[in-house]
Amino acid sequence: MTLDTLKYGFNSSTIPSDSLTDYWSPAIINALQQQDWAKTEVRSRIDLAAWQAFTADLPRDPYVNRRWKRMSWLTLDERDEVIDMGHCPMAQGGAFNDAESMADRLRYYDPLTPAFMARSDVKAFVRAWARLWDLKPNEPILMQITGVRGEGMIDPLQGQGIHADGCKALSILVVSRRNVAGGDNHLYADKAGTFPVADATLAPGDILHLRDDRLFHSVDGIHQEDVGAPFERFIIIINSRFVDEFQNRILRRHFPEAVLNETR
Numbered sequence: 078m079t080l081d082t083l084k085y086g087f088n089s090s091t092i093p094s095d096s097l098t099d100y101w102s103p104a105i106i107n108a109l110q111q112q113d114w115a116k117t118e119v120r121s122r123i124d125l126a127a128w129q130a131f132t133a134d135l136p137r138d139p140y141v142n143r144r145w146k147r148m149s150w151l152t153l154d155e156r157d158e159v160i161d162m163g164h165c166p167m168a169q170g171g172a173f174n175d176a177e178s179m180a181d182r183l184r185y186y187d188p189l190t191p192a193f194m195a196r197s198d199v200k201a202f203v204r205a206w207a208r209l210w211d212l213k214p215n216e217p218i219l220m221q222i223t224g225v226r227g228e229g230m231i232d233p234l235q236g237q238g239i240h241a242d243g244c245k246a247l248s249i250l251v252v253s254r255r256n257v258a259g260g261d262n263h264l265y266a267d268k269a270g271t272f273p274v275a276d277a278t279l280a281p282g283d284i285l286h287l288r289d290d291r292l293f294h295s296v297d298g299i300h301q302e303d304v305g306a307p308f309e310r311f312i313i314i315i316n317s318r319f320v321d322e323f324q325n326r327i328l329r330r331h332f333p334e335a336v337l338n339e340t341r
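At position 140 of the sequence shown (counting the first as 1) the number is 217 in our numbering, and the numbers step up by one without a gap.
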């Protein structure tokens, strides 16, 4: 099952529009509402080459071998401005993360750089993404730049397999994909993977939206197409409205005034 991607002309001298229907086509909005997922592109909305440059200085992930990562907690204020909420660790309960190196642990990462967050196309993307999911002011948004590079074979999920991230709103944007074989995304109606929903190979600039509380997802292992050169695949993960009680407890501790998706 696929959806046609959108085609817009990108003019880097102008600030991209970020209203809901200008940024996301009605077909994408309807697909997400009707089938809980949608695939489209944002390369016509952002300066993809400039975003790719921010993968060069990512710190190594201290919890996962052969992965690099930055993350920040963002929100929109009452004036629709993108706000950096400040420091808060990432927390995923074992019900949502099966990997021993990550489950039921607080994980601390360096934030997204000020240069990245100052970009007008980054702010427009965050605003448009929040509108797609009808987020309210002061709802925490987790935005990560993360990925893998190297040689041989690697599991980009590091043992998570078919899983959910513990939220209601989730999108995966591929920023770079070089010399990669594999790395295909799969959606399922169940964690066992007996009811497949969709398969997608995301090129740089493609984005996959999904209702993480209704669908499960996975990605195939990655290896080199050309064994004489290394591979790399970097993505942006952006999500909100957490159903993971562990993450919500940590968010409440660090951001007492935040609007959370309380599960109790």
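Heads up, the beta-carbon is just placed ideally off N, CA and C, and yes, glycines get one too.
Within its chain, find whatever has a CB closer than 6 Å to the CB of residue i; leave out the 5 residues flanking it on each side and keep chain order.
| i | result |
| --- | --- |
| Met148 | Tyr186, Gln221 |
| Arg318 | Cys244, Lys245, Ala246, Asn338 |
| Phe323 | Ala168, Gly170 |
| Val251 | Leu279, Pro281, Asp283, Ile312 |
| Ala207 | Leu153 |
Identify the residues that DSSP records as bridge partners of residue i: which are they?
| i | result |
| --- | --- |
| Gly224 | Trp145, Phe311 |
| Ala246 | Arg288, Ser317 |
| Arg137 | Trp145 |
| Ile231 | Ile299 |
| Gln169 | Arg182 |
| Asp161 | Leu151 |
| Val304 | Bridge partners of Val304: none, in fact. |
| Asp283 | Glu118 |
| His240 | His294 |
| Val336 | None, per the DSSP bridge assignment. |
| Val251 | Ile312 |
As a quick exercise: from the options, pick the residue whose alpha carbon is nearest that of residue i.
| i | options | result |
| --- | --- | --- |
| Trp210 | Gln324, Trp128, Leu153, Ala126 | Leu153 |
| Ile123 | Leu97, Ser197, Gly260, Glu155 | Ser197 |
| Lys268 | Leu328, Pro281, His240, Arg326 | His240 |
| Pro191 | His331, Gly163, Trp206 | Gly163 |
| Ala205 | Leu125, Ile327, Trp101 | Trp101 |
| Asn325 | Pro166, Ile314, Ala207 | Pro166 |
| Glu302 | Gly259, Ile314, Ala130, Phe272 | Gly259 |
| Gln129 | Arg254, Ile314, Asp99 | Arg254 |
| Leu219 | Phe193, Ala127, Ser248 | Ser248 |
| Gly229 | Val304, Gln111, Gln110 | Val304 |
| Ser121 | Asp99, Met194, Phe193, Ala277 | Asp99 |
| Phe193 | Asp321, Ala127, His331 | Ala127 |
With H, G and I counted as helix, E and B as strand and the rest as coil, what does DSSP make of residue i?
| i | result |
| --- | --- |
| Arg120 | coil |
| His263 | strand |
| Ser90 | Unreliable placement is indicated for Ser90, whose pLDDT of 36 sits below 50; no coordinate value is reported for it. |
| Ser197 | helix |
| Val257 | strand |
| Phe323 | helix |
| Trp128 | helix |
| Ala115 | strand |
| Pro273 | strand |
| Thr278 | coil |
| Leu219 | strand |
| Val203 | helix |
I believe residue i touches residue j by the beta-carbon criterion, under 8 Å. Please report the beta-carbon distance rounded to the nearest angstrom.
| i | j | result |
| --- | --- | --- |
| Gly282 | Val119 | 6 Å |
| Asn256 | Leu279 | Not quite, the Cβ-Cβ distance comes to about 16 Å (not below 8 Å), so this is no contact. |
| Phe308 | Gly227 | 7 Å |
| Thr117 | Phe311 | So it is not a contact: roughly 19 Å between Cβ atoms. |
| Pro214 | Glu155 | 5 Å |
Spatial neighbours of residue i within its chain, please: C-beta separation below 8 Å, excluding the five flanking residues on both sides.
| i | result |
| --- | --- |
| Arg329 | Ala335, Leu337 |
| Trp114 | Ala108, Leu264, Val274, Ala275, Leu285, His286, Leu287, Arg288, Leu292 |
| Ile231 | Arg143, Val225, Gly298, Ile299, His300 |
| Pro188 | Arg147, Met148, Ser149, Asp161, His164 |
| Leu212 | Leu153, Ile218, Ala246, Ser317, Arg318 |
Beta-carbon within less than 7 Å of residue i's beta-carbon, same chain only, minus the 5 sequence neighbours each way: which residues are those?
| i | result |
| --- | --- |
| Asn88 | With a pLDDT of only 40 at Asn88, under the threshold of 50, the placement of this residue in the model should not be trusted, and no figure is reported. |
| Ala306 | Asn256 |
| Val159 | Leu151, Leu153, Lys200, Val203, Arg204 |
| Leu33 | Residue 33 cannot be examined here, being either before or after the span of the chain that is shown, 78 to 341. |
| Ala125 | The question names Ala, but residue 125 in the sequence shown is Leu. Within the same chain, Leu125 has close Cβ partners Pro281, Gly282. |
| Asp157 | Arg204 |
| Pro103 | none |
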